[in-house]
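Protein chains in written order, with the numbering used here: chain E, 4 to 335; chain A, 4 to 335.
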């Protein structure tokens, strides 16, 4: 892939994206439960790889900035460049993946133009047949959690008509606020055939500070896992639940135990590659089927050319395909 | 306050707000640490009241929708109406408050126009002499946490120039990911004289599910409190730290114990009013000084007219003033 093409329409009027959104609030038939959609997508694409999109405006692919409007504010120009970068990464590595995972922080930091770039990225991924996991790790009291579900998964009624949210298929959530807060997210998700993936044991070194605390004879993360198991509803065909769990691949020891506690939850497995996690340690995730483990990689794909040389797009495609094959073989 | 005025410029070109932002990344002298800024603001305004802004597009004040552009998308029109509503609530109740607390979920659900409305709200509050607490309960692995600090508190370097974040003075955070994730937020905050307020014991019924679990002889929330105490840095004049704690006023029993564990942290106290918490139970917070307790109220102020009659603005002002007096008297 050479020079990155840029939709100028995005820059001038982000809300014009509304019409292109894949899940408008009205007139759309209800979707199947997310567990079945996920399982079908994994089979159809022969991939459990989730393409993480964490765009840093200072480290975009060559060409991404070329089409940014010269007259706009720094935020507008950076937002357009980030949208072009993400589209290029999706075009390059998406064919080896089942989903994309935009890191919301990386878009929010560009303000309204960043949110417009996020909407553009979601639409581009959906157009390529990919599921979208909005990675914002949201969590709040029930009334606010319901608003996050509207923002990321469904729509918001207003006097001017319904306003579509991001239209993601899945969102990450933080379970510290307990059952009522998670249920508020899940109710929104179920209305849209979408799902929630809750933090259980994360991939950062500090995870141990809180998640591994002894909580009555078991680490706290096992309590969170039990909450996830209790609240998730299995889909009729695949049996996969609509509430999944984040389990960092940097610390694979808990995976088998996590699968015991949550036999039907999809696991999101970050930390392979740049953070040091190894694919071969992830086997317990697939006891729930081929879609039971979703392996996410970001920098190791988008920055593959920095380590292996060559142009960014073919390097990203090669690294994504390498990961896809390794995970697919493990889950056979 | 009668008909709500609306800045049409907001609707047409949100990023034009950049110039009005209070804390541009370049050329601004460093601000004092947040603990001292907070203490000074509480004294100057004789208030510890934080005005929560949780705008529901279906329940805006009369007049807020009048100035919305007739030709825009539902999201653009709703965003403009929400911005007008928040400005009107700030004009009415702000004089009795020390800060505003926009609930980010309520803006995010309107997409890019919602984020533009959020920027407008922050600028309006700052122009009125109020501090701004961005309530998004963010928490992520360090690299992403740093991006959230850029989004809400500081700025992001891009090839097109620095992009200002929201310019909030404080942000709420979720501590489930442990010390390294909190430190990444704090480092961003300190660079801007801003602060972080971490969830310790929230106000929703489900809080007990996780935060009250026994964690080695003490409830989990006490462990979170100890982490907050360990990481916060006290300001030179007031002694208040730059890492505070959310402690729901609906469950006042832990307050005295929380103050023992965190002697210098500012406490954010939600749940008074609509959720049933009582002002008179909050006294232990003020052992750290008058700025040691920040009482937040949202619906009980913005919807005061629904309970007490009359026009929304004077009803909101009266309720805010009533709360301000009650808290100020308690902390004397």
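Even for Gly, the Cβ is constructed at its ideal location relative to N, Cα and C. Since this is a predicted model, take the numbers as computed values, not measurements.
List the whole-angstrom C-beta distance separating residue i from residue j, where the pair is believed to meet the contact cut-off of C-beta under 8 Å.
{"i": "residue 359 of chain A", "j": "residue 266 of chain A", "result": "Because chain A here runs from 4 to 335, residue 359 of chain A falls outside it and cannot be looked at."}
{"i": "residue 38 of chain E", "j": "residue 243 of chain E", "result": "3 Å"}
{"i": "residue 257 of chain E", "j": "residue 204 of chain E", "result": "5 Å"}
{"i": "residue 202 of chain E", "j": "residue 177 of chain E", "result": "5 Å"}
{"i": "residue 216 of chain A", "j": "residue 223 of chain A", "result": "5 Å"}
{"i": "residue 126 of chain A", "j": "residue 110 of chain A", "result": "About 13 Å; that fails the 8 Å criterion."}
Return yes when the Cβ of residue j is within less than 8 Å of the Cβ of residue i, no when it is not.
{"i": "residue 83 of chain E", "j": "residue 166 of chain A", "result": "no"}
{"i": "residue 340 of chain A", "j": "residue 181 of chain E", "result": "Outside the modelled stretch of chain A, which goes from 4 to 335, sits residue 340 of chain A, for which no answer is possible."}
{"i": "residue 259 of chain E", "j": "residue 206 of chain E", "result": "no"}
{"i": "residue 227 of chain A", "j": "residue 197 of chain A", "result": "no"}
{"i": "residue 249 of chain A", "j": "residue 175 of chain A", "result": "yes"}
{"i": "residue 271 of chain A", "j": "residue 333 of chain A", "result": "no"}
{"i": "residue 154 of chain A", "j": "residue 240 of chain E", "result": "no"}
{"i": "residue 264 of chain A", "j": "residue 54 of chain A", "result": "no"}
{"i": "residue 192 of chain A", "j": "residue 138 of chain A", "result": "no"}
{"i": "residue 99 of chain E", "j": "residue 293 of chain E", "result": "no"}
{"i": "residue 92 of chain E", "j": "residue 128 of chain E", "result": "no"}
{"i": "residue 157 of chain A", "j": "residue 194 of chain A", "result": "yes"}
{"i": "residue 52 of chain E", "j": "residue 323 of chain E", "result": "yes"}
{"i": "residue 188 of chain A", "j": "residue 218 of chain A", "result": "no"}
{"i": "residue 150 of chain A", "j": "residue 277 of chain E", "result": "no"}
{"i": "residue 89 of chain A", "j": "residue 58 of chain A", "result": "yes"}
{"i": "residue 97 of chain A", "j": "residue 134 of chain A", "result": "no"}
{"i": "residue 179 of chain E", "j": "residue 169 of chain A", "result": "no"}
{"i": "residue 290 of chain A", "j": "residue 320 of chain A", "result": "no"}
{"i": "residue 64 of chain A", "j": "residue 118 of chain E", "result": "no"}
{"i": "residue 71 of chain E", "j": "residue 163 of chain A", "result": "yes"}
{"i": "residue 238 of chain A", "j": "residue 36 of chain A", "result": "yes"}
Kindly indicate if chain A contains any beta-carbon less than 8 Å away from that of residue i.
{"i": "residue 111 of chain E", "result": "yes"}
{"i": "residue 172 of chain E", "result": "no"}
{"i": "residue 261 of chain E", "result": "no"}
{"i": "residue 303 of chain E", "result": "no"}
{"i": "residue 122 of chain E", "result": "yes"}
{"i": "residue 204 of chain E", "result": "no"}
{"i": "residue 315 of chain E", "result": "no"}
{"i": "residue 50 of chain E", "result": "no"}
{"i": "residue 163 of chain E", "result": "yes"}
{"i": "residue 214 of chain E", "result": "yes"}
Considering only C-alpha positions, which residue in the set the options is nearest to residue i?
{"i": "residue 106 of chain E", "options": "E/96, E/122 and E/99", "result": "E/122"}
{"i": "residue 230 of chain E", "options": "E/241, E/254, E/200 and E/309", "result": "E/200"}
{"i": "residue 140 of chain A", "options": "A/126, A/315, A/184 and A/133", "result": "A/184"}
{"i": "residue 318 of chain A", "options": "A/95, A/276 and A/45", "result": "A/95"}
{"i": "residue 69 of chain E", "options": "E/76, E/80 and E/59", "result": "E/80"}
{"i": "residue 330 of chain A", "options": "A/282, A/291, A/159 and A/190", "result": "A/282"}
{"i": "residue 66 of chain A", "options": "A/307, A/170, A/314 and A/216", "result": "A/314"}
{"i": "residue 62 of chain A", "options": "A/85, A/72 and A/147", "result": "A/85"}
{"i": "residue 190 of chain E", "options": "E/225, E/145, E/312 and E/208", "result": "E/145"}
{"i": "residue 50 of chain E", "options": "E/159, E/221, E/299 and E/186", "result": "E/299"}
{"i": "residue 44 of chain E", "options": "E/273, E/76, E/124 and E/131", "result": "E/131"}
How about residue i: is its C-beta nearer than 8 Å to some C-beta of chain E?
{"i": "residue 18 of chain A", "result": "Note that residue 18 of chain A has pLDDT 33, beneath the 50 cutoff, so the model's placement of it is unreliable and the number below is only indicative. Cβ-Cβ to chain E under 8 Å: yes for residue 18 of chain A."}
{"i": "residue 106 of chain A", "result": "yes"}
{"i": "residue 3 of chain A", "result": "Outside the shown range of chain A, which is 4 to 335, sits residue 3 of chain A, and nothing can be said about it."}
{"i": "residue 153 of chain A", "result": "yes"}
{"i": "residue 179 of chain A", "result": "yes"}
{"i": "residue 80 of chain A", "result": "yes"}
{"i": "residue 69 of chain A", "result": "no"}
{"i": "residue 64 of chain A", "result": "no"}
{"i": "residue 118 of chain A", "result": "yes"}
{"i": "residue 254 of chain A", "result": "no"}
{"i": "residue 103 of chain A", "result": "no"}
{"i": "residue 280 of chain A", "result": "no"}
Helix, strand or coil: how does DSSP classify residue i here?
{"i": "residue 141 of chain A", "result": "strand"}
{"i": "residue 1 of chain A", "result": "Given a span of 4 to 335 for chain A in the structure shown, any question on residue 1 of chain A remains unanswerable."}
{"i": "residue 106 of chain E", "result": "strand"}
{"i": "residue 112 of chain E", "result": "coil"}
{"i": "residue 54 of chain E", "result": "strand"}
{"i": "residue 301 of chain A", "result": "coil"}
{"i": "residue 240 of chain E", "result": "coil"}
{"i": "residue 133 of chain E", "result": "coil"}
{"i": "residue 333 of chain E", "result": "helix"}
{"i": "residue 204 of chain E", "result": "strand"}
{"i": "residue 169 of chain E", "result": "coil"}
{"i": "residue 248 of chain A", "result": "strand"}
{"i": "residue 72 of chain A", "result": "coil"}
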